[in-house]
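A.B. asks: Right, I'll just put the structure down here and ask away after.
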Amino acid sequence: MTHTLDRTAPADRTALIRSAWRSAWDLGDVGALDELLSPAYVRRRGPGARVQDRDQFKESIRAVREAFPDLRTEIEDVVVDGDRYAIRWRSTGRHTGTFLGVPPTDRSVEVSGATFARFEDGAVAEEWVTFDSRQLLEALGIVTTLQRAAVDPDLVRGVHRKFITGVTVVTTDDAGTPKGLAVNAFSSISLDPPTVLVCVQHSSSTHPALHRASHLGISILAADQLDVAKTFATKGGDKFAAISWTPGGFGAPLIDGACAQLEVEIGERLEAGTHTVFTGRVVSARHDDLAPLVYSGGGFFDISRTAPLPW
Ligand SMILES: Cc1cc2nc3c(=O)[nH]c(=O)nc-3n(C[C@H](O)[C@H](O)[C@H](O)COP(=O)(O)O)c2cc1C
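Residue numbers (the numbering used here): 1268 to 1578.
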């Protein structure tokens, strides 16, 4: 007896799902998905993630398989119910090609997740995918659970005192109220795209506002702004009352008289022990000829009074 595929029968749908997944994910035959997915297919991966169409999904499978050529995906459960299906899956593979910007680590990576889908006219029109992204990031070494450091904190403090920085005031507009603190943990990450980071301690009264905000301001203080540095290095209170400042084009308060100013659209908020690392894209910038205030070994210095070395 020959069996013709009945796209409405749960058993046939389950078989189709299993065979299309195996062909595409395990064998790299992404064309097999055309059997399962409608041409108008959309794949949703949660808020913030780009919605993929069928071709983009196939391309992403190719990219995953290039990074993990021995990829194996096990469907641990499939439930088909009317025009819906749900799958619980687990993928394993060795990371031998660049993935998410991470060069090959040769680590074995395991990721598990669930896919929920809707059939329309016998083909999958829409899928919602959730997976444990922390599991993936940990497996790739992008995030790690660190062991307690064995180095004496005073020794580390002494090391940090050898590092010379400027002083910035990191600010944000908290529903109409300006908030800010003095920060020397500021760094450029990249120029293209222009990306920077600042590290802010959880105990800062500005910290909660930075979690609510879409933008932050960074004012690099000028050599004659020691009083401003002290004001913003003092906890709480209305630090802006006695300070001259102006809202930037994106709403972040910027300190007048600073030698440089940036506004940053906040991207990631990375938890790192007692601090949060805020990264973001520079959306406005200005600087002038004023000398910056310098911080070193717990003291403040005027760089214009130092002698440049021949180089
Ligand atoms: C030169 C200097 C640099 C500082 N750098 C940082 C920093 O990078 N991150 C941070 O969280 N606090 C830093 N602080 C400490 C905060 O400015 C300080 O704790 C401030 O009182 C916090 O204010 P808030 O709690 O009202 O936000 C620095 C202080 C000084 C004097």
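Heads up, the beta-carbon is just placed ideally off N, CA and C, and yes, glycines get one too. These numbers come from a predicted model, not from an experiment.
In whole angstroms, what separates the C-alpha of Pro1575 from that of Ala1489?
C.D. replies: 18 Å
A.B. asks: Assuming Leu1300 and Ala1291 form a contact by the criterion Cβ under 8 Å, report the distance between their Cβ atoms to the nearest whole angstrom.
C.D. replies: 5 Å
A.B. asks: Can you determine whether any heavy atom of ligand 1 sits closer than 7 Å to the C-beta of Val1531, and answer yes or no?
C.D. replies: no
A.B. asks: What would DSSP say about Ala1449, mapped onto helix, strand or coil?
C.D. replies: strand
A.B. asks: Is any heavy atom in ligand 1 found nearer than 7 Å to the beta carbon of Ser1454?
C.D. replies: no
A.B. asks: Assuming Pro1577 is part of the beta strand (DSSP E), what are its boundary residues?
C.D. replies: Where Pro1577 is concerned, there is no enclosing beta strand (DSSP E), given that its DSSP letter is neither H nor E.
A.B. asks: Quick one: what does DSSP say Phe1430 is sitting in, helix, strand or coil?
C.D. replies: coil
A.B. asks: Around the Cβ of Arg1428, are there at least 16 other Cβ atoms within 10 angstroms (buried) or fewer (exposed)?
C.D. replies: exposed
A.B. asks: Closer than 7 Å: is that where the CB of His1267 sits relative to any heavy atom of ligand 1?
C.D. replies: With the chain represented from 1268 up to 1578, any question about residue 1267 goes unanswered, as that position is not in the structure.
A.B. asks: What number of angstroms, rounded off, separates the C-alpha of Ser1563 from the C-alpha of Glu1341?
C.D. replies: 56 Å
A.B. asks: Using DSSP with H/G/I as helix, E/B as strand and the rest coil, what is Gly1408?
C.D. replies: coil
A.B. asks: Consult DSSP for Ser1454 and reduce its assignment to one of helix, strand or coil.
C.D. replies: strand
A.B. asks: My output table needs one value for Gln1492: the three-state DSSP class, helix, strand or coil.
C.D. replies: If DSSP states are grouped into helix, strand and coil, Gln1492 belongs with coil.
A.B. asks: Comparing the CB of Gly1518 with every heavy atom of ligand 1, is any distance shorter than 7 Å?
C.D. replies: no
A.B. asks: Kindly examine ligand 1 and report whether one of its heavy atoms sits closer than 7 Å to the Cβ of Ala1449.
C.D. replies: yes
A.B. asks: Could you check what DSSP says for Ser1563 in three-state terms: helix, strand or coil?
C.D. replies: Of the three classes helix, strand and coil, the one that applies to Ser1563 here is strand, per DSSP.
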